[in-house]
Every structure is written in C-alpha cells, then in structure tokens.
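A.B. asks:
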Amino acid sequence: MAGLFEEIEINGMRLRNRLVRSATWEGMCDGEGLPTDKLCHCYAALAQGQVGLIITGYAYVSREGRQLPGQMGIDTDCGEGAYKRLTGAVHEAGGVVVIQLVHAGGQSTTAEAGRVPLAPSSLEAEQFPEIPEELTLSEIERIIKAFGKAARRAVRLGFDGVQLHGAHGYLINQFLSPHTNRRKDRYGGDISSRACFCLEVYEEVRRVVGKDYPVMIKLTGSDNMENGFTLEDALYVAHRLSDMGIDAIEVSSGTRASGEKNPAREHIDSPYKEGYNVALAGRIKAVTACPVGAVGGIRSYEVAESALQRGLIDFAAMSRPLIWEPDLALRWQRGDMAPARCVSCNACFVPGLEEGGVYCVVKKRWEGGI
Ligand SMILES: Cc1cc2nc3c(=O)[nH]c(=O)nc-3n(C[C@H](O)[C@H](O)[C@H](O)COP(=O)(O)O)c2cc1C
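Here the numbering used here is used: the first residue of the sequence shown is 1, the next is one more, and so on.
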C-alpha cells in the first residue's frame with residue numbers, strides 16, 4: 001500500500017503526496033465572489049507547505065446558490081485576472097488546485113441568494129434557515145447547465161480539476177436525501193431517483209470538460225440522522241459514479257442538522273475520535289474503481305498512514321488543521337511527527353464571518369501569549 005508521502009495520480013493530475021486540503025470556505029473573496037490577494041497568499045502558503053492538493057472553498061455556480069459572505073463565485077465570466085492570479089500562485093509554488101463547485105439550495109438565505117432559496121422540496125428543515133421554494137424542472141435543468149458552465153470556466157482559468165460538492169446538506173445532498181427530497185417526479189422516490197440530479201450534474205460536467213480532465217466529488221457517506229441518506233444509499237451512488245467515470249471520491253458525512261455528527265465535529269482530542277469518516281470511505285472504496293479519500297477529524301500522521309495501509313483510503317483530507325498549520329505536510333516530512341495542533345473548536349468560522357477571512361483563533365491567542 002502506498003504511504004501518505006507517496007505520489008498519486010488522479011486522471012493525469014499528479015499529486016506529490018496524499019495529504020489533501022479539503023475544501024474550506026475562507027471568506028476571502030470580494031463581493032462578486034472573486035479571489036483577493038489575501039486568498040492568493042493563503043493558497044501559496046498551502047502549496048509551499050507541500051500539501052498534495054488544494055481544494056478551494058466552495059464556489060457557487062449560480063448566484064442563488066450562494067451561502068456565505070466572502071464565498072467564491074464562478075457563476076460568470078468576470079474576474080479572469082483574479083482567478084488566474086490564484087491558480088498561478090499555486091502552480092508557481094509547485095502545487096495543484098481543484099475548484100469545488102456548489103449550489104447551496106435550501107441552505108442559502110434570501111439575503112445571500114438574492115431571492116427565496118430553492119430546494120428539491122418546499123419544507124421546513126432544521127438545516128434550512130428559511131422555507132425554500134420547490135425547484136421546477138426547468139430550474140433544475142438550468143442549475144445542471146450552470147454546473148457545466150462553471151466547469152468550463154474552471155478549465156479556462158487554470159484549475160487542475162473540479163470537485164462537485166455532494167455533501168454537507170447542499171443541493172446535491174438535498175436531492176440525495178429523503179430528509180429533504182419529497183419530490184414525486186423522476187428526481188424523487190427511491191435512491192435511483194434521488195440520485196438522478198447528482199448523476200446528471202456529473203454527466204453534464206463530464207460532457208463539457210471531456211474525459212481527460214479530473215472530475216471529483218465530495219460525497220456524503222451518510223446524513224447521520226434518522227430517515228436521512230444512508231451508507232447503503234451512498235454505496236449505490238458511489239458505484240454509479242464510478243461506473244460513469246468519476247475520477248475520485250472524497251467521503252464526508254453529516255449536515256448541520258446531524259447534531260454532534262455534523263461534518264466538522266468538535267473535540268477531536270484522542271486518536272480514537274480521529275478519522276470519523278474513514279470507515280465509511282473504506283466501505284465506499286470497496287465498491288468503486290477510483291481513488292477514494294476521507295475527510296473529518298484526521299489529526300495525526302499515524303491515523304492517516306494506518307488508514308492508507310489498511311487499504312481503507314487512497315488519500316487523507318484535512319480542513320481545520322491546515323488553517324493553523326498550512327505547512328503541516330512539510331513539518332511531518334521533516335520528521336516532526338507531532339499531531340496537528342488544531343483543537344477542533346470551530347472558532348475559525350467566526351473571523352470568516354466577521355473579519356474578512358478565517359484564521360485560527362486559538363493560534364492567535366497562543367502566539368499572543370494569552
Ligand atoms: C471554516 C470552514 C469552512 C469550510 N468550508 C467548506 C467548504 O467550502 N466546502 C466543504 O466541502 N467543506 C467545508 N468545510 C468542511 C471541511 O472541509 C471538512 O469536511 C470538515 O471541517 C472536517 O474536516 P477536518 O476535521 O479536517 O476539519 C469547512 C470547514 C470549516 C471549518
């Protein structure tokens with residue numbers, strides 16, 4: 001089995017190691033969703049820190065699919081210069097960068113979406129800030145096309161690949177889950193119908209970018225809630241995507257309605273709590289032909305390496321640890337094997353909302369001697 005610091009190739013995209021920066025909204029784009037110099041510095045630091053692959057923060061493919069301030073947007077042809085500076089900064093530092101494509105669906109708000117949010121079904125759900133409107137068939141078609149157009153822009157702007165956001169309760173996950181999808185047409189019902197939207201988005205993106213461009217998905221392995229999307233459902237979707245030629249699957253789980261088992265769990269303070277999606281990833285890997293990774297609570301080299309050696313994953317993805325230590329891969333490669341310093345408190349979200357960009361609040365306190 002390959003180790004964490006061995007190369008991996010994903011449809012021609014060569015990664016120098018298997019430590020992946022999972023998509024992380026940084027809150028560092030301008031009002032139009034375009035990358036700023038601050039974001040370029042952030043990505044350059046990750047690339048210099050030797051991470052194998054950087055996946056951008058989620059980028060909305062259509063204006064009404066936006067969720068948070070400072071979010072990246074790839075919904076128009078504007079801002080070519082800003083995007084090329086971002087991809088250029090990563091490549092100059094020897095890195096590889098994939099853009100994550102999202103539509104927030106019912107997890108958006110009228111304030112961010114600029115209209116009442118759209119979702120598979122109009123219903124009250126803990127994960128929805130407002131009651132969304134049900135998508136019409138023509139709106140579904142428009143959004144599927146918007147994913148394709150965004151992918152075409154990604155190629156032109158110098159990204160090395162795209163990743164569909166199929167987790168964390170966003171639109172693709174909303175269609176997949178019986179919790180949020182009560183449709184009576186061909187997009188709702190059993191898992192083969194609930195999977196339609198996801199598979200059609202993938203098909204459209206693949207049609208646009210061609211077979212040689214890396215297309216990945218961050219797929220939920222479970223909603224971690226009663227009457228939600230299950231591992232059995234995930235095995236079906238992963239198997240179908242694999243058959244259709246998806247290039248890699250990063251497994252996550254949960255939504256903001258999943259309580260303690262939300263995507264970014266807190267208090268990962270022992271090796272036993274680490275890697276909470278590795279087992280799901282292992283199950284998914286067993287039914288797919290492409291590389292499969294896991295994200296969620298991976299904090300130590302030993303846990304990542306052991307998951308690789310047991311054949312459960314092909315790459316290990318991290319988000320919060322790299323906010324404190326963008327050079328974690330380099331530190332481990334140089335022989336300092338202490339676990340990531342991240343304490344999994346999620347305080348990093350707050351400056352993203354209030355101060356124009358995420359940073360590690362605990363690190364700041366620590367450096368300030370507070
Ligand atoms: C500040 C912040 C922003 C995030 N933004 C995204 C995002 O844009 N897309 C996504 O798929 N996940 C996002 N996540 C979730 C992470 O990618 C990851 O799945 C989760 O934090 C668990 O991994 P970790 O324990 O390594 O942090 C975000 C997490 C945090 C803390």
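Ideal placement from N, C-alpha and C gives every residue a C-beta, glycine not left out.
Values in this document were obtained by computation on a predicted structure and should not be read as measured data.
Return helix, strand or coil for Thr-288, following the three-state DSSP convention.
C.D. replies: coil
A.B. asks: Give me, in chain order, the residues of the same chain whose beta-carbon lies closer than 7 Å to that of Met-392; leave out the 5 immediate sequence neighbours on both sides.
C.D. replies: Nothing can be reported for residue 392, as the shown portion of the chain is limited to 1 through 370.
A.B. asks: Among the residues of its own chain, which have a CB less than 7 Å from the CB of Cys-198, if the five just before and after it don't count?
C.D. replies: Same-chain partners within the cutoff: Gly-166, Ile-172, Phe-175, Leu-176, Val-237.
A.B. asks: Quick check for students: name the residue ranges of the beta strand (DSSP E) that lie wholly in the segment 154-202, counting only runs of 3 or more.
C.D. replies: 161-166
A.B. asks: Tell me which residue opens and which closes the alpha helix (DSSP H) that Thr-110 is part of.
C.D. replies: Note, Thr-110: alpha helix (DSSP H), 110-113.
A.B. asks: Using a threshold of 8 Å, is the CB atom of Ser-62 nearer than that to any non-hydrogen atom of ligand 1?
C.D. replies: no
A.B. asks: So, is Ser-252 buried or exposed, given that buried needs 16 or more other C-beta atoms within 10 angstroms?
C.D. replies: buried
A.B. asks: I'd like to check one pair, Gly-275 with Ala-316: are the Cβ atoms closer than 9 Å?
C.D. replies: Using a Cβ distance threshold of 9 Å, Ala-316 and Gly-275 count as a contacting pair.
A.B. asks: Nearest to Leu-372 by alpha carbon, out of Ile-323, Thr-110, Ser-108, Phe-349?
C.D. replies: For residue 372 there is no data in the structure shown, the boundaries of the chain being 1 and 370.
A.B. asks: Measure the C-alpha to C-alpha separation of Thr-109 and Leu-68 and round it to an integer number of angstroms.
C.D. replies: 9 Å
A.B. asks: Grab me the residues of Pro-321's own chain with a C-beta within less than 7 Å of its C-beta, minus the 5 sequence neighbours each way, in chain order.
C.D. replies: Arg-299, Leu-328, Ala-340, Cys-342
A.B. asks: Would the beta-carbon of Arg-265 be found less than 8 Å away from any heavy atom of ligand 1?
C.D. replies: yes
A.B. asks: Does the structure place the segment 33-45 close enough to the segment 85-93 that three or more beta carbon pairs sit under 8 Å?
C.D. replies: yes
A.B. asks: Entirely within the segment 222-300 and at least 3 residues each: give me those beta strand (DSSP E) ranges in chain order.
C.D. replies: Within the segment 222-300, the complete beta strand (DSSP E) runs of at least 3 residues are 248-252, 292-295.
A.B. asks: Relative to ligand 1, is the shortest distance from any of its heavy atoms to the C-beta of Trp-25 smaller than 8 Å?
C.D. replies: Yes, ligand 1 has a heavy atom inside 8 Å of this Cβ.
A.B. asks: Determine the closest residue to Leu-53 out of Phe-349, Met-318, Asp-243, with distance taken between C-alpha atoms.
C.D. replies: Selected option, being the one with the closest Cα: Met-318.
A.B. asks: Shorter than 8 Å, the distance from the beta carbon of Pro-321 to the closest heavy atom of ligand 1, or not?
C.D. replies: The answer is yes for Pro-321.
A.B. asks: May I ask you to report which of helix, strand or coil DSSP gives Cys-40?
C.D. replies: helix
A.B. asks: Considering only the alpha carbon of each residue, which of Leu-34, Ile-55, Cys-348, Ser-258 lies closest to Lys-364?
C.D. replies: It is Cys-348.
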